[in-house]
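Q: I have a structure here, written as structure tokens, and I will follow up with some questions on it.
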Amino acid sequence: LPALLKVPEPLSHSAAPALYVVGVDVGSTAVKCHVYDRGAAVRGSSCRKVESLYPRPGWVELDPEVLWSQFVGVVKEAVQAAGIHMKQVAALGISTQRSTFITWHKRTGKPFHNFISWQDLRSAELVNSWNRSLLLKVIHVIFTVLHFFTGNDRYLAPSFLTFSTHQTSMKLSWVFKNIPEVTAKKNNCCFGTVDTWLLYRLTKGSVFATDYSNASSTGVFEPFTKCWNPTLCSLLSIPMSIYPPVKDTSFNFGSADPEIFGVPIPIMALVADQQSAMFGECCFQPGDVKLTMGTGGFWNVNTGGSLFASHRGLYPLIGWKIGEEVVYLTEGSVSNIGTTIKWAQDINLFTSVDETAKMARSIVDSQGVCFVPGFQVSANNSSLCASFMGLKPTTTRNHLVRAILESVAFRTKHSYFSYNLLFFSPCRADGGVSNNSFVMQMTSDLINKKIEKPSNTDMSSLGAAFLAGLASGLWTDKEQLKKLRRIEAVFEPQKDVKEYKPAMDTWMQAVKCSLHW
6 LPALLKVPEP
16 LSHSAAPALY
26 VVGVDVGSTA
36 VKCHVYDRGA
46 AVRGSSCRKV
56 ESLYPRPGWV
66 ELDPEVLWSQ
76 FVGVVKEAVQ
86 AAGIHMKQVA
96 ALGISTQRST
106 FITWHKRTGK
116 PFHNFISWQD
126 LRSAELVNSW
136 NRSLLLKVIH
146 VIFTVLHFFT
156 GNDRYLAPSF
166 LTFSTHQTSM
176 KLSWVFKNIP
186 EVTAKKNNCC
196 FGTVDTWLLY
206 RLTKGSVFAT
216 DYSNASSTGV
226 FEPFTKCWNP
236 TLCSLLSIPM
246 SIYPPVKDTS
256 FNFGSADPEI
266 FGVPIPIMAL
276 VADQQSAMFG
286 ECCFQPGDVK
296 LTMGTGGFWN
306 VNTGGSLFAS
316 HRGLYPLIGW
326 KIGEEVVYLT
336 EGSVSNIGTT
346 IKWAQDINLF
356 TSVDETAKMA
366 RSIVDSQGVC
376 FVPGFQVSAN
386 NSSLCASFMG
396 LKPTTTRNHL
406 VRAILESVAF
416 RTKHSYFSYN
426 LLFFSPCRAD
436 GGVSNNSFVM
446 QMTSDLINKK
456 IEKPSNTDMS
466 SLGAAFLAGL
476 ASGLWTDKEQ
486 LKKLRRIEAV
496 FEPQKDVKEY
506 KPAMDTWMQA
516 VKCSLHW
């Protein structure tokens, strides 16, 4: 009887079931980590600012050791904030900024250089040289002829026929031409985007791999054939031996070494940030559209199992691969979205980003003041500059802030129509700038579409968690994930587009003036 009446002891951490998934987003401005429960509610979070390095004008780098320390730190802090034990984590999903890469020695694991950011422009001279080359023009003619006779879209304007400074291939070619140690050790060289490097470090060098979404975002991986592009690598004298094997996006990549977190946490997903945000928004059906407004702006359209060639500035990507399912996306980008607002805060135009919408609404209009962002030198127009125009003695901070926010909405509208996007379901927004109600309402008015904003705008972290949770069995399928969506606000068109025409025309005139600085 005493034994039957004995009160059971509380469940220890060692016996507690693994009911949580950790999603980490290694972005351009911050490393964020969230711990999610089965209901996709955030139980604990941590964030650390990413400090970019600018060793020379146009160069943008990240210190790999600092990034590694930040990654480990946010995971530990988020799990502690959630009040759980590491043993209760069923899976780890990692979302990362795309195209930022590093090379390291295969045997020692020692990096040959810092991470070279996707924002880096060091390959500009090389890009201009290639784009003017006779060889590239001949290749273009060959592919045009092949497309004409075969009708296969695989031969329609391959992405590598027009190089840009943001392509990984050109910066990687620069590395092999300008860092002697890499060239000398090319047979013992490993190439990796941020996800590959973190996986390599988490597993103490035992796993060297990436996923389809990250690989396709480099421009070196051919989405049609689903393999690293040997033609491109031959053109640029890059050895094929440096690239990692490509695995499914939702996949058991192995476990983190127990010395790092105290227990071997399963790494169940690697995914590129925009594709991860798409998955986090549950854009699972062909035609679903996502608009990310973060450091940059990105339109993504789910094209299902159909892969479309580059067209009107849109380019094809692999969204994710889960088992036999391969989902493709079409993407278009807008630079300097969050970057612009961060700069405005850095020069003390406002204290908190949260107050900017109120500042913009406190005045009727910008009083003719226009802001043109252009903080990154364009490979197509090196004379483009960032500028305020139309300043007057009566101009206040509120006018400057409104001009900046209007420029975000105007550029988003311009990209929407330039890309000739067509969709019928509501657009799903995410990213830090999507928290700005002034920008979101104005964008909805300008494109004449309904926009849904989730309660948690860190969709890249959630998408990585969803993918990891599916692989670990925490969630069963995508239908279950759809039921976990939480929409905080819906923006519907309230003004006629014609009401914005005078301000839009003035802004377009300001852009033309800024093109010839």
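For the sequence shown, this note's numbering begins at 6 and goes up steadily by one. Don't be surprised by glycine CBs; every beta carbon is placed ideally from N, CA and C.
Quick check on Q446: buried or exposed, where buried means 16 or more other Cβ atoms within 10 Å of its Cβ?
A: With 16 or more other Cβ atoms inside 10 Å of its own Cβ, Q446 counts as buried.
Q: Between which two residues does the alpha helix (DSSP H) harbouring N183 extend?
A: T173 to N183
Q: Within the same chain, show all residues whose beta-carbon is closer than 6 angstroms to that of F266, passing over the 5 residues directly before and after it, in chain order.
A: M91
Q: Are three or more beta carbon pairs between the segment 363-375 and the segment 313-333 nearer than 8 angstroms?
A: no
Q: Grab me the residues of H171's own chain with a C-beta within less than 8 angstroms of its C-beta, minus the 5 sequence neighbours each way, in chain order.
A: S104, W123 and Q124
Q: Closest to V444 by CA distance: which of M245, I342, S430 and I352 is it?
A: V444 has its Cα closest to that of I342, out of M245, I342, S430 and I352.
Q: Please name the residue in G309, K418 and K503 whose C-alpha comes closest to that of M298.
A: Cα-wise, what sits closest to M298 is K418.
Q: Quick one: is A46 buried, meaning 16 or more other Cβ sit within 10 Å of its Cβ, or exposed?
A: Label assigned to A46: exposed.
Q: Express the C-alpha separation of D200 and V276 in angstroms, rounding to a whole number.
A: 8 angstroms
Q: Nearest to P378 by CA position, among I346, P60 and K363, is which residue?
A: I346
Q: Suppose contacts are defined by Cβ-Cβ distances below 8 angstroms. Is L451 in contact with V502 by that definition?
A: Contact: yes.
Q: Helix, strand or coil for E336 per DSSP?
A: strand
Q: In the structure shown, what three-state DSSP assignment does W202 receive?
A: helix
Q: When you compare only the Cα positions, how much space is there between W512 and N234?
A: 41 angstroms
Q: So the beta strand (DSSP E) N305 belongs to, where does it begin and stop?
A: Taken as a continuous stretch (DSSP letters only), the beta strand (DSSP E) holding N305 covers G302 to G309.
Q: Here's the rule I'm using: 16 or more other beta-carbon atoms within 10 Å means buried, otherwise exposed. How should S477 be labelled?
A: buried
Q: Can you name the start and end residues of the alpha helix (DSSP H) that G49 belongs to?
A: Taken as a continuous stretch (DSSP letters only), G49 belongs to no alpha helix (DSSP H), being part of the beta strand (DSSP E) at V47 to K54.
Q: Can you give the Cα-Cα distance for S281 and A469, rounded to whole angstroms?
A: Distance from the CA atom of S281 to the CA atom of A469, rounded to whole angstroms, is 6 angstroms.
Q: Are the CB atoms of F428 and G337 within a distance shorter than 8 angstroms?
A: no
Q: Report, in whole angstroms, the separation of the C-beta atoms of V32 and S465, which I expect to be a contact under 8 angstroms.
A: For clarity, residue 32 is Gly in the given sequence; the question names Val instead. With 8 angstroms as the limit, G32 and S465 qualify as a contact, their Cβ atoms being about 7 angstroms apart.
Q: If L237 and I99 are in contact, beta carbons under 8 angstroms, what's the gap, nearest whole angstrom?
A: Contact doesn't hold; Cβ gap of about 27 angstroms is too wide.
Q: Under a Cβ-count criterion, where at least 16 other Cβ atoms within 10 Å of its own Cβ denotes burial, should C287 be classed as buried or exposed?
A: C287 is buried by the Cβ-count criterion.
Q: Thinking C-beta only, is D262 closer than 8 angstroms to Y101?
A: It is worth fixing the name first, because residue 101 is Thr in this sequence and not Tyr. Contact flag unset, no.
Q: State yes or no: is the C-beta of T188 nearer than 7 angstroms to some heavy atom of the ligand SAM?
A: Here there are no bound small molecules, and the ligand SAM is not part of this structure.
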